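What follows is one structure encoded as structure tokens, with my remarks underneath.
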Amino acid sequence: METNLLSTHPHDSHDPKEATPSSKFAKYLQEDDLTQECQALISTLPKEQDWVMSHLYQYQGFWHPIRELQGVLSCQHHFQARDTDIILATNPKCGSTWLKALAYVVVNRKIIPLDDNHSLLSKNPHELVPCLELRVYVDHQVPDLTELPSPRLFSTHLPVESLPLSIKETSCKVVCLARDPKDTFISLWHFANKLRPPNDGKLQLEEAFDKFCKGVSFLGPFWDHVLSSWKYSLDNPNKVFFLKYEDLKEQPKLYLKKLAEFWECPFSSEEENNGVVDEILSLCSFDNLSNLEVNKIGKLSTGEHNEAFFRKGEVGDWANYFTQEMTEKLDEICLNKFQLCGLKI
Ligand code: A3P
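According to my numbering, the sequence shown is numbered sequentially starting from 1326.
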């Protein structure tokens, strides 16, 4: 199936109503329309109940909803990275939306001025920086990406183990984004409940926590995902930038400048003196993005309401939900996993 992705081009305009899908639920969660390859594969994979609907399947060590898995296979077969590509490889609920906004604005700032017509004001960041397995290759599409101008910006939630080979073999740049496990869990739990069919009721915190601790969550085990990207960054320091949500929150200016250098579009002294860095941070801030009309009423082509990607945007909200027992349990898992590798998260 061929599709044209040029709608992600920076200059395109957007009407939030256009993104409204016919389906009520996030498209990647549904089980119809699978290729024979995918059907044959899932019949061999371990399977667990998903947090939202249907099932998660364990593929290459990580848990995937079915339709997303179809997209994974498709992008593994077909995605051809370019040396100039920028890939945002984010752990789900670790701030992908924010990083996408920042990357899109920074990388395109020479062709898209920071004015009232900026695409970020009328499009959700997930539409501007499409996810390989959830959007670009969803439904076994094989899109023509050759006409997209460089640098092309894509995102993925895939762990390093499952990245399309061409991402590893070219000199494209990869930013891996991670977050505190407890905040990630709380964010994921809220998100899953927003996506659940109303008749199924809410997924209880305890049940979700139990699944998370067993590693059964979207693209979990969380710690394995984080560790593989951390190691990938240590092994490939010029190619991979490992970023933590908390660091970006604490020192946004510092990290945005580092990212711009990494993406080979550093801020000039003139830009810095003119307040461009602050202007970009303000444009991409939680308050600004979450209050835009497109992010209040729009939907992604894959079915999620844009507003679901903006909840609190804070560090430490987990403390409002965790019992002492939960804290100890997750701390112990993460300490065991991360400590030996020198990763503090
Ligand atoms: P919370 O649920 O803790 O509020 P992702 O984008 O990977 O799905 O992650 C979603 C998390 O990032 C949510 O966290 C969301 O509120 C937060 N977020 C979204 N946009 C943000 C922004 N511009 N700045 C900071 N945090 C943001």
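Don't be surprised by glycine CBs; every beta carbon is placed ideally from N, CA and C. Here the structure is a predicted model, which means the values were calculated and not measured.
With a cut-off of 7 angstroms, the C-beta of H1515 is classified as near ligand 1, since at least one heavy atom of the ligand falls inside that distance. Taking non-hydrogen atoms of ligand 1 into account, the C-beta of P1417 is found less than 7 angstroms away from one of them. Counting of Cβ neighbours within 10 angstroms places H1402 among the exposed residues, the total staying below 16. DSSP places C1456 within a strand segment (E or B) once states are collapsed to three. A contact is defined here as three or more CB-CB pairs under 8 angstroms, and the segment 1376-1383 fails this definition with respect to the segment 1405-1423. Bounds of the beta strand (DSSP E) holding I1412 are 1411-1415. With fewer than 16 neighbouring CB atoms inside 10 Å of its own CB, V1640 falls in the exposed class.
Remark: the shortest separation between the CB of G1641 and any heavy atom of ligand 1 does not fall under 7 angstroms.
In this structure, V1500 places its C-beta atom within 8 angstroms of the C-beta atom of L1424.
Between the alpha carbons of K1654 and I1605 lies a distance of about 39 angstroms.
Remark: fewer than three beta-carbon pairs, one from each stretch, lie closer than 8 angstroms, so the segment 1506-1525 and the segment 1445-1464 are not flagged as touching. In the DSSP assignment, P1390 forms a beta bridge with L1381. Between K1498 and W1643 the beta-carbon gap is near 31 angstroms, outside 8 angstroms, which marks them as no contact.
Between C1609 and the set D1535, T1422, N1631, E1472, the nearest pair of CA atoms involves T1422. Taking C-alpha positions only, K1418 is separated from C1456 by approximately 14 angstroms. With a cutoff of 8 angstroms on beta-carbon distance, S1399 and H1482 are scored as not near each other. Relative to ligand 1, D1508 has its C-beta within less than 7 angstroms of a heavy atom. In this structure, ligand 1 has no non-hydrogen atom nearer than 7 angstroms to the beta-carbon of W1388. Taking the Cα of G1420 as reference, the smallest distance to any Cα among F1663, F1634, C1659, D1656 is reached at F1634. CA-CA distance, F1592 to Y1570, rounds to 21 angstroms. DSSP lists K1624 as the beta-bridge partner residues of H1630. Between T1369 and Q1383, the alpha-carbon positions lie close to 10 angstroms from each other. Ranking D1612, K1624, I1412 by CA distance to the CA of S1480 puts I1412 first. Beta-bridge pairing by DSSP links Q1374 to H1380. Rounded to whole angstroms, the separation of the alpha carbons of E1586 and V1430 is 14 angstroms. Here DSSP, grouped into helix, strand and coil, assigns D1441 to coil.
The three-state reading of DSSP puts F1567 in strand, counting E and B together. In the structure shown, the three-state DSSP call for F1543 is coil.
For C1590, the Cβ stays outside the 7 angstroms cut-off from all heavy atoms of ligand 1. For F1516, the enclosing alpha helix (DSSP H) stretches over residues 1506-1520. Assignment of S1480 by DSSP, reduced to helix, strand and coil, places it in the strand class. From the listed residues L1459, K1539, N1518, L1668, the smallest Cα separation to Q1529 is found for N1518.
Taking all protein chains in view, the Cβ of P1468 is crowded by 16 or more other Cβ atoms within 10 Å, so the residue is classified as buried. If you draw a 10 Å sphere on the C-beta of G1396, you find 16 or more other C-beta atoms in it, and that means buried. Rounded to the nearest angstrom, the gap between the Cα atoms of K1621 and L1520 is 16 angstroms.
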